[in-house]
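Novice: FYI, my numbering numbers position 147 of the sequence shown as 360, with every residue one higher than the one before it.
Just so you know, even glycine gets a beta-carbon here, dropped at the ideal spot from N, CA and C.
Can you keep this structure in mind? I'll have questions shortly.
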Amino acid sequence: MEDSEIAYDEQGLVPCVVQDWNTGEVLTLAYVNQEALERTRATGQMHFFSRSRQELWHKGATSGNTMEVRAIRYDCDGDALLALVEPAGPACHTGERTCFHRGELEPPGPHEVLPGLERTIVQRAAERPDGSYTVKLLDDARLSGAKVTEEAEEVVRAAGQESDQRVAEEAADVIYHLMVLLRARGLALADAERVLDGRRQRR
214 MEDSEIAYDE QGLVPCVVQD WNTGEVLTLA YVNQEALERT RATGQMHFFS RSRQELWHKG
274 ATSGNTMEVR AIRYDCDGDA LLALVEPAGP ACHTGERTCF HRGELEPPGP HEVLPGLERT
334 IVQRAAERPD GSYTVKLLDD ARLSGAKVTE EAEEVVRAAG QESDQRVAEE AADVIYHLMV
394 LLRARGLALA DAERVLDGRR QRR
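So this is what it looks like as structure tokens:
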């Protein structure tokens with residue numbers, strides 16, 4: 214499908230769901246017209262059409278919270294778009310990461326757990342609160358590596374001898390310690406995910 218096939222409404226607009234390229238979290242819902250989409254394509258950053266102001270809107274032009282576009286997808290009818298972006302800051306004008314920060318937030322969806330944990334680890338690395346176990350691991354590469362090894366051994370042992378719940382708990386320990394180890398090296402889960410994606414054709 215090409216942009217020329219998009220089914221704009223009678224006002225020349227089409228809704229655009231904006232999703233975080235790395236985490237999959239939905240950030241906002243906005244509208245684009247043909248000009249906004251052309252500007253988005255030309256600049257690589259999201260442009261929308263403001264229905265309240267009746268004008269083109271470059272997301273982050275004032276706040277700095279731009280959205281670098283990685284991909285734009287169309288729904289089956291061509292009357293809605295999905296933009297996958299890398300946000301430079303909060304998506305919402307309130308300062309929240311996502312515009313969808315109200316309503317039934319607990320428990321978080323399974324897809325929200327790891328991105329939330331990763332942001333907590335980044336926050337611990339930046340703020341370095343006293344007594345933080347995460348900070349201790351970030352500062353000691355040998356300890357961090359040893360914990361990944363220890364937790365991996367424990368999940369293997371649990372898989373052979375213990376309940377499903379214990380396997381899940383030990384797997385959670387592995388994931389947490391691995392995420393801390395990655396952050397200590399300046400890496401994120403997305404880096405490992407990209408490697409996995411590159412291996413798809415070889416499986």
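DSSP has Leu242 in a bridge; who is on the other side?
Specialist: Leu242 is bridged to Val230.
Novice: The alpha helix (DSSP H) with His260 in it runs from where to where?
Specialist: Segment 260–263 is the beta strand (DSSP E) holding His260; no alpha helix (DSSP H) there.
Novice: Out of Pro300, Gly291, Leu394, which has the shortest C-alpha to C-alpha gap to Ile219?
Specialist: Among Pro300, Gly291, Leu394, the Cα nearest to that of Ile219 is on Gly291.
Novice: At what residue ranges does the region 291–377 contain a whole run of the alpha helix (DSSP H), taking only runs of 4 or more?
Specialist: Here the runs fully enclosed are 323–340, 346–352, 354–374.
Novice: To the nearest angstrom, report how far apart Arg310 and Val348 are at their CA atoms.
Specialist: Roughly 24 angstroms separates the two Cα atoms.
Novice: Taking one C-beta from the region 282–290 and one from the region 250–260 each time, how about it: are there three or more such pairs within less than 8 angstroms?
Specialist: They touch, by the three-pair rule.
Novice: Give every residue of the same chain whose Cβ lies closer than 8 angstroms to the Cβ of Ala405, excluding the five residues on either side of it in the sequence, and list them in chain order.
Specialist: Hits under 8 angstroms: Leu395.
Novice: Which residue's Cα is closest to the Cα of Gly277: Leu297, Glu268, Arg252, Pro303?
Specialist: That would be Pro303, whose Cα lies nearest to the Cα of Gly277.
Novice: Can you look up Ile388 in the DSSP assignment and give me helix, strand or coil?
Specialist: Helix.
Novice: Please return the same chain residues whose Cβ sits closer than 6 angstroms to the Cβ of Ala293, not counting the five positions on each side in sequence.
Specialist: Closer than 6 angstroms at the Cβ level, and outside the excluded window around Ala293, lie Pro228.
Novice: Grouping DSSP H, G and I as helix and E and B as strand, with all else coil, what is Leu400?
Specialist: Leu400 falls in the coil class under three-state DSSP.
Novice: Compare the Cα-Cα distances from Tyr221 to each of Arg379, Glu340, Arg398, Asp288 and report the closest residue.
Specialist: Nearest of Arg379, Glu340, Arg398, Asp288 to Tyr221, Cα basis: Asp288.
Novice: Within 10 angstroms of its Cβ, does Asp233 collect 16 or more other Cβ (buried), or is it exposed?
Specialist: The residue in question, Asp233, is buried, as its Cβ has 16 or more Cβ neighbours within 10 Å.
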